[in-house]
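Comments concern the structure below.
Numbering (the working numbering), first residue to last: 29 to 459.
See the structure below:
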């Protein structure tokens, strides 16, 4: 092929390409004119179907697919489709993708320069359709978030919503209840539904840092995830942030902090949290009960340490905690809620544990020591008081099955300690 032929071919190819591109833009211009001249036709299924065919042809042609105006008018047409009643929309939107196609097309449109957006007055027309596009994407994502295995689709929808909200200077979408924080929350809920914990953390962290967002559940859930990962310091920091941001929910956050301290066995820190919780809500029976349980546990640990020290020859061990601390809280809990059976039961167990300590102390001093009689008399009194409380628990029906058997076993042991053989035999028969 000679040079003249090659040059002619190149010129012809270029001319053909120009003609093809010009032809597609001519189609797009005709479509834009039709829509601007007949806005009322946006609810006519036949007309919208025709417009869909036209924009799909333009968008599928390599010469016009990446044009700014193409994305803009595609967003407009697909928004019309998404806005149709379901009975009509489903005839041309079989896969239920119109809303997200409209949204993604709008996002792409706004990535072009302001000058390009002005072509065919696309920016002016799209501006009027933008709020509905945002709302349609949000609704589509919200529906998907209610079902499992939709996280990526929900994330895609809400990402579009967030980007387009920045372009909606009319604030109409926001006026209709679509906000950035709602979009973020929807993605979090979808991640939660699909058990995607790592994704939960990303969106929960965004919500926790969002200005003026006052949902305590977000802080609680995020702290639970960190606690499950044994990242306790992070969990506590999240809750401290929650207290600073939502002080009216301080009690709720403190409860969660207590749970975290329990998870890592930090009882002394728990006491401080309970003090704060009780100060916040002094009429809460469960707070006193739970603090009583903590004091009770600390005292039993103290007794265990005492036993070790005594066996090692150290007879001057100083107790750090006292049964009276737990006793006071259990009684307060019962005063606030007379039907608090766990508190009544724990109170009885506290009497038994106190009796056991007195009994063991008596065994460690000679009978000639005045302390022997003190320990002996008080141990007997405490065992009798314990039996009275255990009997009340037994008759209440609070304990069943093996728990009841364990209670009767404890009652038999108490009866034996006060040398009441008939009573011990009675409980043996009951067991």
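Cβ atoms here follow ideal geometry from the backbone N, Cα and C, with glycine treated the same way. Here the structure is a predicted model, which is why all the values come from computation and not from measurement.
(request) My understanding is that residue 229 touches residue 253, with C-beta atoms under 8 Å, so please give their C-beta distance in whole angstroms. (result) By one-based count along the chain shown, residue 229 stands at place 201. By one-based count along the chain shown, residue 253 stands at place 225. Indeed, because the Cβ distance is near 6 Å, the residues count as touching under 8 Å.
(message) Report the CB separation of residue 411 from residue 445 in whole angstroms; it is logged as a contact under 8 Å.
(response) Working through the chain shown from its first residue, we reach residue 411 at position 383. Working through the chain shown from its first residue, we reach residue 445 at position 417. Rounded, the Cβ-Cβ distance is 5 Å, consistent with contact.
(request) Go through its chain and collect everything with a Cβ distance to residue 337's Cβ below 7 Å, but skip five positions before and after it. (result) Taking the chain shown and counting its residues from 1, the one referred to as residue 337 is at position 309. 345.
(request) Give a yes or no on contact between the stretch 429-436 and the stretch 387-398, applying the rule of three or more CB pairs nearer than 8 Å. (result) no
(request) State the DSSP-derived secondary structure class of residue 307, mapped to helix, strand or coil. (result) Reading the chain shown from its first residue, position 279 is the one you call residue 307. Three-state DSSP puts residue 307 in a helix.
(request) State yes or no: is the C-beta of residue 304 within less than 9 Å of the C-beta of residue 312? (result) For the purposes of this step, residue 304 is identified with residue 276 of the chain shown, where counting begins at 1. For the purposes of this step, residue 312 is identified with residue 284 of the chain shown, where counting begins at 1. The answer is no: Cβ separation not under 9 Å.
(request) Assign residue 44 to buried or exposed, taking buried as 16 or more other Cβ atoms, counted over all protein chains shown, within 10 Å of its Cβ. (result) As a position in the chain shown, residue 44 is number 16, starting the count at 1. Confidence at residue 44 is low in this model, with a pLDDT of 40, below 50, so the placement of that residue should be treated as unreliable; the coordinate-derived value is given next. Classification for residue 44: exposed.
(message) Does the structure place the stretch 52-72 close enough to the stretch 150-163 that three or more beta carbon pairs sit under 8 Å?
(response) yes
(request) Specify, as a first and last residue, the run of the alpha helix (DSSP H) that residue 444 falls within. (result) One-based indexing of the chain shown puts residue 444 at position 416. Run containing residue 444: 429-445, per the alpha helix (DSSP H) assignment.
(request) Return the chain-ordered list of same chain residues with a C-beta closer than 7 Å to the C-beta of residue 283, the five sequence neighbours on each side being excluded. (result) Taking the chain shown and counting its residues from 1, one reaches residue 283 at position 255. These residues qualify, in order along the chain: 305.
(message) If you follow the alpha helix (DSSP H) that residue 289 is in, where does it begin and where does it stop?
(response) If you number the chain shown from 1, residue 289 lands on position 261. Residue 289 -> alpha helix (DSSP H) spans 278-291.
(request) Compute every distance between the C-beta of residue 257 and the non-hydrogen atoms of the ligand FAD, then say whether any falls below 8 Å. (result) Questions concerning the ligand FAD fall outside what the structure shown contains, since it holds no ligand whatsoever.
(request) Take residue 109 and list the residues in its own chain whose beta-carbon comes closer than 8 Å to its own, dropping the five residues that flank it on each side. (result) Position 81 of the chain shown holds residue 109. If we look at residue 109 and ignore the five residues flanking it on each side, its Cβ neighbours are 76, 80, 117, 120, 121, 126, 130.
(message) Short of 7 Å in beta carbon distance, which residues of its chain neighbour residue 184, apart from the five on each side in sequence? Order them along the chain.
(response) Translated into positions along the chain shown, residue 184 becomes position 156. If we look at residue 184 and ignore the five residues flanking it on each side, its Cβ neighbours are 128.
(request) Kindly confirm or deny that the stretch 345-356 and the stretch 369-389 touch, where touching means at least three C-beta pairs closer than 8 Å. (result) yes
(message) Along the chain, where does the alpha helix (DSSP H) containing residue 120 start, and where does it finish?
(response) Start at 1 with the first residue of the chain shown, and residue 120 comes out as number 92. Here the alpha helix (DSSP H) through residue 120 covers 114-120.
(request) Provide the residue span of the alpha helix (DSSP H) that contains residue 171, from first to last. (result) Numbered from its first residue, the chain shown carries residue 171 at position 143. Segment 150-173, the alpha helix (DSSP H) holding residue 171.
(message) In whole angstroms, give me the CA-to-CA distance for residue 326 and residue 180.
(response) Within the chain shown, numbered from 1, the residue matching residue 326 stands at position 298. Within the chain shown, numbered from 1, the residue matching residue 180 stands at position 152. Approximately 48 Å, taken between the alpha carbons.
(request) Evaluate residue 100 with the Cβ neighbour count: other Cβ atoms within 10 Å of its Cβ, from every protein chain shown; 16 or more gives buried, anything less gives exposed. (result) In the chain shown, the residue the question calls residue 100 occupies position 72. It counts as buried.
(request) Could you have a look at residue 66 and say whether DSSP puts it in helix, strand or coil? (result) The sequence position of residue 66 within the chain shown is 38, counting from 1. If DSSP states are grouped into helix, strand and coil, residue 66 belongs with coil.
(request) Would you kindly work out how many angstroms separate the C-alpha atoms of residue 82 and residue 55, rounded to a whole number? (result) To locate residue 82, count along the chain shown from 1; it is residue 54. To locate residue 55, count along the chain shown from 1; it is residue 27. Cα-Cα distance, rounded: 8 Å.
(request) Check whether the Cβ atoms of residue 198 and residue 159 sit closer than 9 Å, and answer yes or no. (result) Locating residue 198 in the chain shown gives position 170, counting from the first residue. Locating residue 159 in the chain shown gives position 131, counting from the first residue. Taking 9 Å as the Cβ cut-off, residue 198 and residue 159 qualify as a contacting pair.
(message) Helix, strand or coil, according to DSSP, for residue 51 in the structure here?
(response) The count along the chain shown starts at 1 and reaches residue 51 at position 23. Here residue 51 sits in helix by DSSP.
(message) Three Cβ pairs or more, each shorter than 8 Å: is that satisfied between the stretch 402-410 and the stretch 360-378?
(response) no
(message) I'd like to know if the stretch 268-281 and the stretch 219-235 are in contact, where contact means that at least 3 CB-CB pairs between them fall below 8 Å.
(response) no
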